[in-house]
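Novice: One structure is given below, represented as C-alpha cells, and several questions about it will come after.
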Amino acid sequence: MNAPKQILAEKFSFTSSIKADVWQPKTSPQAFEWWYFDALSEDGRDAVVIIFLDNFIFSPRYNSVNRKHYKFADKLLKRKTLQYNNCFPALAFTYYRDGKPVYRAINEFLPEDFTASQDKPSCQMGGNFFRLESAPYGSGYILSINAKLRKNRHLEAHFEWLSIESDFLPDKILNKNDSHVWNLVVARADVTGRISITDDKSKPEDVVHFRGTGYHDHNFDNRWLPETVSEWQWGRAHFADATAIFYRYKEMGEANPTTKLFTVRDGALRDHDSDYEQQSFNRDKFGIKYPTRLRLTAKDNISLHVEQSKIIDSSFFYLRFLSEMTLTLRDGKPRKAVGITESLSPKALKYRWLDWLTNMRIGREGKGSLLP
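Pasting the structure below:
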C-alpha cells in the first residue's frame with residue numbers, strides 16, 4: 137500500500153472548468169491535448185467513447201517527429217526539418233456492445249483540417265466537431281461524427297452530452313507550461329444519440345439509438361508522453377446518488393505515484409487523498425500487465441473497490457475495461473455500478489518497429505483503416 141502523496145503543482149495540475157475547456161496553442165512538437173467523451177447505456181449493454189485529439193499521441197507520424205526531436209533536436213532544428221507548427225489531429229470513435237467493439241473509427245487528418253477555439257469549447261476536424269451549446273433545458277456538448285470505417289463503410293453519429301455535474305472549479309489557475317493538466321469538465325451527463333452505418337455504396341446497414349449516462353474530460357501537456365508518464369490509471373462510475381472518479385499518476389523519475397479519489401454528491405465535488413492497493417495481476421494479449429482488483433481508501437471510511445473484469449479495448453499502449461465498482465461513503469452504505477477504467481502504458485510509443493502495426497488501425501486521406 138502506498139501512502140497518499142500531495143500533487144506537485146509543477147507535475148500535475150487539476151481543475152474542473154468549462155472556461156478552461158478550450159484549445160491551447162502549441163509551441164513545440166511534443167505538445168498535445170485531447171477532449172474525451174464516454175457514456176454507458178441505461179441497460180449497461182452499450183458504451184460509446186469519442187476522443188478529439190489535436191496531436192494524436194499514438195500516431196506513428198507524431199511519435200516519429202518526437203523520437204527525432206529527442207535524439208537529434210539540435211541538428212534537425214539547424215536543418216529546419218522540425219516544424220513546431222505541424223500537428224497530427226485525429227478522431228477516435230468506438231461503439232461497444234456487450235463488452236466488444238462493434239464500430240471503431242480512428243481517422244487522422246492533415247493540420248489544415250483542424251480548427252479549435254481559444255475562447256469557447258469547440259473543435260472541428262474534417263466533418264467531425266464538438267461544441268458547447270446552451271438551451272432552455274440546460275447546457276451541454278453537441279457532437280457530430282462523420283468517419284470512415286474499414287472496407288470503405290461510413291459512420292455518421294450525432295450526440296448530446298447534457299451536463300448534470302460540471303464546472304466545479306471554474307476560476308482555478310493552472311500551471312500550463314511544464315505539467316500535465318487534467319480538466320474534469322463534466323463528471324455526469326445525460327447522453328442521447330444516434331449512430332448510422334452505410335456500406336461502400338451508401339446503402340444503410342445499421343442504425344443504433346443510444347441513451348445513457350456520460351462523462352467528459354480534457355487533458356493537455358507540452359511534453360512528449362512516453363518521456364513524461366511512467367504510469368497512469370483512471371476510472372469513473374455513476375451511482376444512483378453519487379459519482380466517483382479516480383486516477384493514479386506517476387511521472388518518470390518519481391518514486392511514488394499520486395493517487396486521488398474524487399466524489400460528487402449533492403452538487404459538491406470532494407477531493408480525497410487515497411491509499412491504493414492492487415491485486416491479482418494478469419497480462420493482456422499485447423503484453424501489458426494489469427491488476428484485476430483495485431482498492432482506494434481515504435479518510436472517514438470512504439473507499440472505492442474496482443474489479444477490472446472485462447477488457448473491451450487494448451493495444452500496445454493502453455487498456456480499457458468495463459469494471460464493477462463499489463463505492464462506500466461516510467454513511468457506510470455500499471453502492472454498486474459498472475464503470476469505465478483505463479490503464480496507459482506509453483513507454484512502447486518509443487519503439488519504431490511498432491509503427492507499422494499501429495498504422496494499420498488508423499484511417500488517413502479519407503480512407504478507413506486496414507484493421508478493425
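Numbered by the working numbering, the letters in the sequence shown go through residues 137 to 508 in order.
Heads up, the beta-carbon is just placed ideally off N, CA and C, and yes, glycines get one too.
All values reported here derive from a predicted model rather than from experimental measurement.
Assign K216 to buried or exposed, taking buried as 16 or more other Cβ atoms, counted over all protein chains shown, within 10 Å of its Cβ.
Specialist: If you number the sequence shown from 1, residue 216 lands on position 80. Any reading at K216 must be qualified, since the residue scores a pLDDT of 43, below 50, and its modelled position is unreliable; the value itself is stated next. With fewer than 16 Cβ atoms within 10 Å of its Cβ, K216 is classed as exposed.
Novice: Could you tell me which of T163, K425, F188, P362 sits nearest to E387, measuring between CA atoms?
Specialist: The sequence position of residue 387 within the sequence shown is 251, counting from 1. When only C-alpha atoms are compared, the closest one is P362.
Novice: Under three-state DSSP, which class holds K486?
Specialist: Taking the sequence shown and counting its residues from 1, one reaches residue 486 at position 350. Three-state result, K486: helix.
Novice: By the 10 Å Cβ neighbour count, where 16 or more other Cβ atoms means buried, how is G499 classified, buried or exposed?
Specialist: Walking along the sequence shown from the start, residue 499 turns up at place 363. Flag for G499 reads buried.
Novice: Got a sec, what are the start and stop residues for the alpha helix (DSSP H) T364 sits in?
Specialist: Start at 1 with the first residue of the sequence shown, and residue 364 comes out as number 228. Where T364 is concerned, there is no enclosing alpha helix (DSSP H), given that its DSSP letter is neither H nor E.
Novice: Taking contact to mean at least 3 C-beta pairs separated by less than 8 angstroms, is the region 197–204 in contact with the region 459–477?
Specialist: Too few Cβ pairs lie closer than 8 angstroms, so no.
Novice: Could you check how far apart the C-beta atoms of I438 and L465 are, in whole angstroms? I think they sit under 8 angstroms.
Specialist: Residue 438 sits at position 302 when you count from the first residue of the sequence shown. Residue 465 sits at position 329 when you count from the first residue of the sequence shown. Contact flag correct, Cβ pair sits at about 6 angstroms.
Novice: Could you check what DSSP says for W297 in three-state terms: helix, strand or coil?
Specialist: Position 161 of the sequence shown, counting from 1, holds the residue named residue 297. Looking at W297 - three-state DSSP - the assignment turns out to be strand.
Novice: Let me make sure I understand the geometry here. Which of N243, S280, L440, I447 has the alpha-carbon closest to that of F266?
Specialist: Against the sequence shown, residue 266 aligns to sequence position 130. Per the Cα distances, S280.
Novice: When you compare each of H316, L291, R372 to K337 by their alpha carbons, which one comes out closest?
Specialist: In the sequence shown, counting from the first residue as 1, residue 337 sits at position 201. Of the listed residues, the one whose Cα sits closest to K337 is L291.
Novice: Does the separation of the CB atoms of V365 and S149 fall below 8 angstroms?
Specialist: On the sequence shown, position 229 is the one that residue 365 refers to. On the sequence shown, position 13 is the one that residue 149 refers to. No, Cβ-Cβ distance for V365 and S149 is not below 8 angstroms.
Novice: Could you check how far apart the C-beta atoms of V327 and E296 are, in whole angstroms? I think they sit under 8 angstroms.
Specialist: The sequence position of residue 327 within the sequence shown is 191, counting from 1. The sequence position of residue 296 within the sequence shown is 160, counting from 1. Correct: roughly 7 angstroms between the Cβ atoms.
Novice: How big is the Cα-Cα spacing for M261 and D190?
Specialist: Locating residue 261 in the sequence shown gives position 125, counting from the first residue. Locating residue 190 in the sequence shown gives position 54, counting from the first residue. Cα-Cα distance, rounded: 9 angstroms.
Novice: Is DSSP giving W492 helix, strand or coil here?
Specialist: Walking along the sequence shown from the start, residue 492 turns up at place 356. Of the three classes helix, strand and coil, the one that applies to W492 here is helix, per DSSP.
Novice: With DSSP as the reference, label K435 as helix, strand or coil.
Specialist: Mapped onto the sequence shown, residue 435 falls at position 299. Helix, per DSSP.
Novice: What would DSSP say about S200, mapped onto helix, strand or coil?
Specialist: Position 64 of the sequence shown, counted from the first residue, corresponds to residue 200. Helix at S200.
Novice: Hey, V442 and R324: beta-carbon distance below 8 angstroms or not?
Specialist: The residue labelled residue 442 in the question sits at position 306 within the sequence shown. The residue labelled residue 324 in the question sits at position 188 within the sequence shown. Against a cut-off of 8 angstroms, the Cβ pair of R324 and V442 comes out as no contact.
Novice: Of the choices L268, K155, T334, whose alpha-carbon is the least far from that of L310?
Specialist: Position 174 of the sequence shown, counting from 1, holds the residue named residue 310. Nearest of L268, K155, T334 to L310, Cα basis: K155.
Novice: Could you give the distance in angstroms between the alpha-carbon of L490 and the alpha-carbon of L455?
Specialist: As a first step, residue 490 is located in the sequence shown; it is residue number 354 there, counting from the start. As a first step, residue 455 is located in the sequence shown; it is residue number 319 there, counting from the start. Cα to Cα, the separation comes out at about 17 angstroms.
Novice: Since I believe K446 is in contact with F457 (beta carbons under 8 angstroms), could you give me their beta-carbon distance rounded to a whole number of angstroms?
Specialist: Here residue 457 corresponds to residue number 321 of the sequence shown, with the count starting at 1. Here residue 446 corresponds to residue number 310 of the sequence shown, with the count starting at 1. Confirmed, about 6 angstroms.
Novice: Just the Cα atoms here: how many angstroms apart are G180 and G475?
Specialist: By 1-based counting over the sequence shown, the position of residue 180 is 44. By 1-based counting over the sequence shown, the position of residue 475 is 339. If I take the Cα positions, the gap works out to 9 angstroms.
Novice: Buried or exposed for D314, going by 16 or more other Cβ atoms inside 10 Å?
Specialist: Position 178 of the sequence shown, counted from the first residue, corresponds to residue 314. Burial call: exposed.
Novice: What is the DSSP secondary structure of D210, counted as helix, strand or coil?
Specialist: By 1-based counting over the sequence shown, the position of residue 210 is 74. Note that D210 scores a pLDDT of 44, beneath 50, so its modelled location is shaky and nothing firm can be said.
Novice: Go ahead and pull the three-state DSSP assignment for K396.
Specialist: In the sequence shown, counting from the first residue as 1, residue 396 sits at position 260. It is a strand residue.
Novice: Once you ignore the five residues that flank I278 on each side, which residues in its own chain have a CB closer than 7 angstroms to its CB?
Specialist: Within the sequence shown, numbered from 1, the residue matching residue 278 stands at position 142. Excluding positions up to five away in sequence, the list reads F266, R267, E269, E296.
Novice: From what residue to what residue does the beta strand (DSSP E) around Q414 run?
Specialist: Here the question's residue 414 lines up with position 278 in the sequence shown. Per DSSP, Q414 belongs to the beta strand (DSSP E) from 411–419.
Novice: For K483, tell me which candidate among A473, L246, N199, K256 has the shortest Cα-Cα distance.
Specialist: Counted from its first residue, the sequence shown places residue 483 at position 347. Of the candidates A473, L246, N199, K256, the one whose C-alpha sits nearest the C-alpha of K483 is N199.
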